[in-house]
């Protein structure tokens, strides 16, 4: 089971490697990357250094080209594929069918994974990616229960990768336009959800308000911790009741399911968080490295340690974690 | 220009669905999409009921297309999809790549609905090679984006082999989740949903704390809070768009269809409702915005 960790910067890449990641995933500093945030990602020089560091430590490099090519921009997405292959990426993670097609035809020997943004949730869809693009692995959206993941793993002709920890996207990834509805920019078209440039924090007499492009997402009293206004995690009114109508500000943590994930032959677990700090990446990677090693050694008696649970909980959004869709009751 | 009625996105009682399609049969709509696309637990109508309605509409001179689910998670979801893809009487609208896989394996022609990610001419071209005959673009794309795709040299010799459709009226489907938000709004999980969507024939409105109508929740689907309405943009669609889709609402859908037809050349414009309608996506801005057309 591969532990795949986020590297939004050279410092995070090193932190992940030092903490025991088997592989890291990165993206380029452009719109072909679904974490195209200001101040993130790699310049050419940083990229060279990062790759050298990975090679030294026998760690694999995945490059995410996980947005959808604009109608006049295919050349830019193809250039990202060319660049990823040229720098020696071990894996390309791709979402757009046309980009997948280009990569599969141009570089038949390169290992391709279907990005979570490709929204592959069932066996027939996996077959589509395997038959057409010879995809070796699919990354599952965070919408399936553990039972559904098991059913899929049993019949899938491709390897399965699942999200293990980090921000919880509650929609089928790659098919959520809520962000462009409110801001004009979505993960698919602009590489970011609820982009920071639209965020505003307003101090008012009745509390701190968070806005996204002028829309009130939430309002916090003095004793509440104000979170980032990701639009699906606000408190809204439905039928006169005010609550987190879509989802609470919480993070996914599937560590207690590790023995099951291992037993069903999941090939890799992914840690979300290319936008997070190197310290975060280091702590989360360390926790998961220990957990995977402990689980491999003694799967029948595996239980996350209290310290690990506490550490992961402290690092998460709103200091809360959930099993998300893996646990049926969450739905 | 042809006009289409999209699948009913809400959960209506069987009688209401059948009554609606009786009126549709008498209307002058060209294409009708039928079927459940949101949640596999909604079983007021079985496949044979949909096929009966399809047959009646066909006899009334309509082109009928069977719409399929957008989010398929279980082997039984796939088994149901397969039943639709295996019948040969009506064309199927794929709303997930799984349906494209099943239909292209059999060499059957199909339509692609707005829930399938297709952002460029190369992807359209790939779908044409698989058997796509009609394509509805993702709702978040603009007129300009669509024009660039349609006019791409890659598609120059293929433009006659497929139709271009645009979602032009109704609350837009914006996201699909594992979670049922309607059940959640009644404090229940999806497993114990009691099929409560049937109580909300237009979904449930989600308002911000300052009373902005943000979204509509419709089971596992999150929709736009405002109705998309491109009635005043039909003239600009000539040459690019072949089919205009109206999404069935709980009231006045067929009246709206008449209004659309009347304004096809821009001769009978109707100002958009300031508080309930939007058209931003078409103009490449926030979807929720209303742009003066």
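Chains as they are written, first to last, in our numbering: chain S, 382 to 712; chain X, 2 to 294.
Just so you know, even glycine gets a beta-carbon here, dropped at the ideal spot from N, CA and C.
Model, not experiment: these values are computed from the prediction.
Go to residue 671 (chain S), then tell me how far its alpha helix (DSSP H) extends in each direction, as first and last residue. Note, residue 671 (chain S): alpha helix (DSSP H), 659 to 678.
Close-in-space but distant-in-sequence residues of the same chain around residue 434 (chain S) (CB under 7 angstroms, 5 per side omitted): Answer for residue 434 (chain S): 394, 395 and 398, listed in chain order.
Cutoff 8 angstroms: residue 520 (chain S) Cβ touching any chain X Cβ: Answer no: the Cβ-Cβ gap between residue 520 (chain S) and chain X never drops below 8 angstroms.
Take residue 495 (chain S) and list the residues in its own chain whose beta-carbon comes closer than 6 angstroms to its own, dropping the five residues that flank it on each side. Closer than 6 angstroms at the Cβ level, and outside the excluded window around residue 495 (chain S), lie 501, 510, 516 and 519.
For residue 443 (chain S): DSSP bridge partner residues: Answer is S:406 and S:472.
Using three-state DSSP, classify residue 144 (chain X) as helix, strand or coil. Reduced to three states, the DSSP call for residue 144 (chain X) is helix.
Have a look at residue 90 (chain X) and residue 626 (chain S) and give me their C-alpha separation to the nearest angstrom. Answer to the nearest angstrom: the Cα atoms are 41 angstroms apart.
Can you grab the Cα-Cα spacing for the pair residue 448 (chain S) / residue 254 (chain X), in whole Å? Across the structure, residue 448 (chain S) and residue 254 (chain X) are spaced so that their CA atoms are roughly 35 angstroms apart.
N-terminal and C-terminal residue of the beta strand (DSSP E) that residue 385 (chain S) is part of: Per DSSP, residue 385 (chain S) belongs to the beta strand (DSSP E) from 383 to 387.
Just reading off the beta strand (DSSP E) that residue 128 (chain X) is part of, what are its end residues? No beta strand (DSSP E) contains residue 128 (chain X), which is instead part of the alpha helix (DSSP H) from 122 to 131.
Report the neighbours of residue 564 (chain S) on chain X: residues whose CB is nearer than 7 angstroms to its CB, in chain order. Contacts between residue 564 (chain S) and chain X, judged by CB atoms closer than 7 angstroms, involve 287 in chain order.
7 angstroms CB neighbourhood of residue 283 (chain X) in its chain, flanking five on each side removed: Closer than 7 angstroms at Cβ, skipping near neighbours: 143, 144, 231 and 234.
By the three-class DSSP mapping on this structure, what secondary structure does residue 87 (chain X) have? Looking at residue 87 (chain X) - three-state DSSP - the assignment turns out to be helix.
Bridge-paired residues (DSSP) for residue 599 (chain S): Beta-bridge annotation (DSSP): residue 599 (chain S) is paired with S:591.
Nearest to residue 94 (chain X) by CA position, among X:121, X:57 and X:132, is which residue? Out of X:121, X:57 and X:132, X:132 has the C-alpha closest to the C-alpha of residue 94 (chain X).
With 8 angstroms set as the bound, which would you pick, yes or no: does the beta-carbon of residue 701 (chain S) sit closer than that to a beta-carbon of chain X? By this cut-off, residue 701 (chain S) is not an interface position.
Residues bridged to residue 623 (chain S) [DSSP beta-bridge criterion]: Residue 623 (chain S) pairs with S:618.
Taking the runs of the beta strand (DSSP E) that are 3 residues or longer, which of them lie wholly in the region 478 to 539 of chain S? Secondary structure remark: continuous beta strand (DSSP E) runs of at least 3 residues inside the region 478 to 539 of chain S, in chain order: 492 to 495 and 518 to 520.
Could you spell out where the beta strand (DSSP E) holding residue 224 (chain X) opens and where it closes? Looking at the DSSP string, the run of the beta strand (DSSP E) that includes residue 224 (chain X) is 222 to 230.
Identify each residue in the region 502 to 514 of chain S for which the Cβ-Cβ distance to at least one residue of chain X is less than 7 angstroms, and report them in chain order. Against chain X - using a Cβ distance shorter than 7 angstroms - the residues of the region 502 to 514 of chain S are 502, 503, 504, 505, 506, 508 and 509.
Please classify residue 434 (chain S): does DSSP put it in a helix, a strand, or coil? Correct three-state label for residue 434 (chain S): helix.
Give the residues of chain S in contact with residue 181 (chain X), contact being defined as C-beta atoms less than 9 angstroms apart. The answer, in chain order, is 712.
So with Cβ pairs under 8 angstroms, would you call residue 84 (chain X) a contact of chain S? It does not; no Cβ of chain S falls within 8 angstroms.
How about residue 223 (chain X): is its C-beta nearer than 8 angstroms to some C-beta of chain S? Yes, because at least one Cβ of chain S sits closer than 8 angstroms to the Cβ of residue 223 (chain X).
Residue 1 (chain X) - containing alpha helix (DSSP H), residue span: There is no way to answer for residue 1 (chain X), as the model of chain X reaches only from 2 to 294.
Should residue 239 (chain X) be labelled buried (16 or more other beta-carbon atoms within 10 Å of its own) or exposed? Counting of Cβ neighbours within 10 angstroms places residue 239 (chain X) among the exposed residues, the total staying below 16.
Does any residue of chain S have a CB that is nearer than 8 angstroms to the CB of residue 1 (chain X)? The requested residue 1 (chain X) does not occur in the structure, where chain X is confined to residues 2 to 294.
CA nearest to the CA of residue 17 (chain X), picked from X:147, X:149, X:229 and X:252: Selected option, being the one with the closest Cα: X:252.
Excluding sequence positions up to five away, which residues of its chain have a Cβ less than 6 angstroms from the Cβ of residue 438 (chain S)? 398, listed in sequence order.
Sequence-distant residues of its chain with Cβ nearer than 7 angstroms to residue 602 (chain S) (five each side left out): If the five residues before and after residue 602 (chain S) are omitted, its C-beta is found closer than 7 angstroms to the C-beta atoms of 588, all from its own chain and listed in chain order.
How big is the Cα-Cα spacing for residue 55 (chain X) and residue 32 (chain X)? When rounded, the distance between both Cα atoms is 11 angstroms.
Rounded separation between residue 483 (chain S) and residue 452 (chain S) - CA only: Cα to Cα, the separation comes out at about 15 angstroms.
For the region 163 to 171 of chain X and the region 183 to 203 of chain X, state whether three or more C-beta atom pairs, one from each stretch, are separated by less than 8 angstroms. With the cut-off at 8 angstroms, the region 163 to 171 of chain X and the region 183 to 203 of chain X do not touch.
First through last residue of the alpha helix (DSSP H) which encompasses residue 692 (chain S): Judged by DSSP secondary structure, residue 692 (chain S) falls within the alpha helix (DSSP H) whose first and last residues are 687 to 696.
Segment contact, 8 angstroms Cβ cut-off, at least three pairs: the region 65 to 72 of chain X with the region 38 to 54 of chain X: These segments touch.
Near-chain X residues of the region 434 to 448 of chain S - C-beta to any C-beta below 7 angstroms: The residues in question: there are none.
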